[in-house]
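Here is the structure we will look at.
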Amino acid sequence: MWARAVPIVLWGDEGTHNFKSWMLFSWMLDVSLWRTNSKASRNLAFACPVNMYRSHEKVNQTLQALLQAVQADLDGLAKGLEVCGEAAQLIDCVHVWTFHVVACKGDLKYLAQSLNLTRFPGCEEVCFRCLASMGRQDPSLVYTDLSEAAAWRTRPAPDPWSERPCLSLLDGFSLRMVSTDWMHTWHLGVARDLVGAAMKICLKSQFWPGPNLARRFSAVQRRLNDFKAQHGLQMHLKRLSKSRLAWEDGTCPEFKSSAADTGVMIRFVASELSDRLPPEPYEGLAACAWLADQLQEAVMRAGLFLSDSEVEQTLMYGRAFLASYMKLAKLANVRRELYFKVRPKFHYLTHLIEDVQTRPSRRSLGWDSCWIDEDWVKVNLRMLRRMSARTCHEHLLYRNLIVVRHELEKRGR
Ligand SMILES: [Zn+2]
Numbered sequence: 000m001w002a003r004a005v006p007i008v009l010w011g012d013e014g015t016h017n018f019k020s021w022m023l024f025s026w027m028l029d030v031s032l033w034r035t036n037s038k039a040s041r042n043l044a045f046a047c048p049v050n051m052y053r054s055h056e057k058v059n060q061t062l063q064a065l066l067q068a069v070q071a072d073l074d075g076l077a078k079g080l081e082v083c084g085e086a087a088q089l090i091d092c093v094h095v096w097t098f099h100v101v102a103c104k105g106d107l108k109y110l111a112q113s114l115n116l117t118r119f120p121g122c123e124e125v126c127f128r129c130l131a132s133m134g135r136q137d138p139s140l141v142y143t144d145l146s147e148a149a150a151w152r153t154r155p156a157p158d159p160w161s162e163r164p165c166l167s168l169l170d171g172f173s174l175r176m177v178s179t180d181w182m183h184t185w186h187l188g189v190a191r192d193l194v195g196a197a198m199k200i201c202l203k204s205q206f207w208p209g210p211n212l213a214r215r216f217s218a219v220q221r222r223l224n225d226f227k228a229q230h231g232l233q234m235h236l237k238r239l240s241k242s243r244l245a246w247e248d249g250t251c252p253e254f255k256s257s258a259a260d261t262g263v264m265i266r267f268v269a270s271e272l273s274d275r276l277p278p279e280p281y282e283g284l285a286a287c288a289w290l291a292d293q294l295q296e297a298v299m300r301a302g303l304f305l306s307d308s309e310v311e312q313t314l315m316y317g318r319a320f321l322a323s324y325m326k327l328a329k330l331a332n333v334r335r336e337l338y339f340k341v342r343p344k345f346h347y348l349t350h351l352i353e354d355v356q357t358r359p360s361r362r363s364l365g366w367d368s369c370w371i372d373e374d375w376v377k378v379n380l381r382m383l384r385r386m387s388a389r390t391c392h393e394h395l396l397y398r399n400l401i402v403v404r405h406e407l408e409k410r411g412r
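Residue numbers for the sequence shown follow numbering that gives the first Met the number 0, so the first one is 0 and each next one is one higher.
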């Protein structure tokens, strides 16, 4: 039976078009041959303007109603031929094909709304997976505690919702299917904080030569351009600046650019700090940046399932990185300097790294990154631009069907 079971991944995200936000919900075959081509692999299930949302007792009723219809359809697909006989016969005349959801992806905003989460960043309890919290009510549960004996690791957590969400009724659903994705947690989270802190610490000292900050920015820009040329890398960001590092925002520095740019900057910072030690007392930054680079490389290199050595590598680099980053954050805190922010995403990163050894499927972290899904949102927003505002939510579905068919036919020839 399982030889004809097809894994499906669900994904939701918001995009903005003409000052109006849209929720786009899609599904894709996890083993699609064209998963890196968004038009050939992503299938739109619904598109809903966010201003149409209606909520009751902190539950997004509109989204739940839409997801209820999706859940009913997916449960039908999980039963196979009995329910979707005609479609299955088109694929194979004799055997039954069944379709099973294996992962629910999306950013934290979407996950909180689609799963009616009561524990997510912004609340006292920050994690839907465990009882980790800000530590205001119970300091033993603080999410910055990375020790093996941390209370959030050992204390059993109840369901993270007050009202059962429709997605949890899916055949075979488990919270282990749900996780934040690598791109949002790493590239748009912890890695941004690391790059921001590293750049500001080094620019404030004489790490890159120059009598003033402007000259040092020019010097590092030249180094960065050389590094990109040498390794054949590209960045959206044309010029580093104070505003790109949130230098004067009165908060911890953060590298403000795209996820792909952050990936390049991690490599650049690790390379720069491999030759010379960063200024005192943040010498540990060199090891932290190197570990970050190794971790990101190990995650992005892996395929769908991790091998034994990939599990070992991810755990080794990941744990060492988490410990070194936390050490730097504590040092900055003692010195009352605003560096190395430890945000709830850092806690989600801890889960992502440590889960690689307990996930029964050994599903890789990089496999669930949302690079292509983000691209697919842009494709849909471009389609929306050419449609009437009155009928676009319906016509977008039709248009998607035509695009998917066209793309598959192109590749089937
Ligand atoms: Zn947690």
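Just so you know, even glycine gets a beta-carbon here, dropped at the ideal spot from N, CA and C.
Nothing here was measured: the structure is a model prediction, and the numbers come from that model.
R342: CB within 8 Å of a non-hydrogen atom of ligand 1: Working through the sequence shown from its first residue, we reach residue 342 at position 343. For ligand 1, not one heavy atom lies less than 8 Å from the Cβ of R342.
Separation of L76 from V82, as counted between CA atoms: Here residue 82 is taken as the residue at index 83 of the sequence shown, counted from 1. Here residue 76 is taken as the residue at index 77 of the sequence shown, counted from 1. Confidence is the limiting factor: at V82 the pLDDT is only 45, short of 50, which leaves the residue's position unreliable, though a coordinate-based value still follows. Computed Cα separation, rounded: 7 Å.
Runs of alpha helix (DSSP H) lying entirely within the region 364-391, each at least 4 residues, in chain order: Listed in chain order, the complete alpha helix (DSSP H) runs (minimum 4 residues) inside the region 364-391 are 370-384.
Minimum C-alpha distance to Y324 - residue among D192, V125, K104 and S40: Your numbering for residue 324 matches position 325 in the sequence shown. The residue with the shortest Cα to Cα distance from Y324 is D192.
Sequence ranges, beta strand (DSSP E) only - wholly within the region 194-255, length at least 3: none
Simplified DSSP assignment, three categories, for T349: Here residue 349 is taken as the residue at index 350 of the sequence shown, counted from 1. Residue state, collapsed to three classes: helix.
Contact test: Y397 Cβ vs ligand 1 heavy atom, cutoff 8 Å: Within the sequence shown, numbered from 1, the residue matching residue 397 stands at position 398. No, Cβ of Y397 sits at least 8 Å from all heavy atoms of ligand 1.
Beta-carbon spacing of L145, L321 below 9 Å: Mapped onto the sequence shown, residue 145 falls at position 146. Mapped onto the sequence shown, residue 321 falls at position 322. It is a contact, given that the beta carbons lie within the stated cut-off.
C-alpha distance - T153 paired with F254, whole-angstrom precision: Sequence index remark: in the sequence shown, residue 153 carries index 154 (1-based). Sequence index remark: in the sequence shown, residue 254 carries index 255 (1-based). Roughly 34 Å between the two C-alpha positions.
A111 vs M182 beta-carbon contact at 9 Å: Locating residue 111 in the sequence shown gives position 112, counting from the first residue. Locating residue 182 in the sequence shown gives position 183, counting from the first residue. It is not a contact, given that the beta carbons lie outside the stated cut-off.
R358 CB to nearest heavy atom of ligand 1 below 8 Å: What you label residue 358 is simply residue 359 of the sequence shown in a count that begins at 1. Answer for R358: no, Cβ out of range of ligand 1.
Where C165 sits in the DSSP three-state scheme: One-based indexing of the sequence shown puts residue 165 at position 166. Correct three-state label for C165: helix.
L43 - DSSP class collapsed to helix/strand/coil: Indexing the sequence shown from 1 puts residue 43 at position 44. L43 falls in the strand class under three-state DSSP.
Inter-residue Cα distance where the pair is W96 and K78: Numbered from 1 along the sequence shown, position 97 holds the residue referred to as residue 96. Numbered from 1 along the sequence shown, position 79 holds the residue referred to as residue 78. Distance between the alpha carbons of W96 and K78: 9 Å.
Cβ contact (3+ pairs, closer than 8 Å) linking the region 188-202 and the region 286-305: yes
Local conformation of Q122 per DSSP, three classes: Here residue 122 is taken as the residue at index 123 of the sequence shown, counted from 1. According to the sequence as given, residue 122 is Cys; it is not Gln. Reduced to three states, the DSSP call for C122 is strand.
Touching by the beta-carbon criterion (3+ pairs, under 8 Å), the region 157-169 and the region 327-334: no
Cβ pair count under 8 Å reaching 3, the region 14-33 against the region 114-130: no
Secondary structure of G283, DSSP reduced to three states: Position 284 of the sequence shown, counted from the start, is the residue given in the question as residue 283. In this structure, G283 counts as helix in the three-state DSSP scheme.
Residues near G411 by beta carbon distance below 6 Å, same chain, minus five either side: Locating residue 411 in the sequence shown gives position 412, where the first residue counts as 1. Around G411: no qualifying Cβ.
Near ligand 1: H350 beta-carbon under 8 Å from a heavy atom: In the sequence shown, residue 350 corresponds to position 351, counting from 1. Here the distance from the Cβ of H350 to the nearest heavy atom of ligand 1 is below 8 Å.
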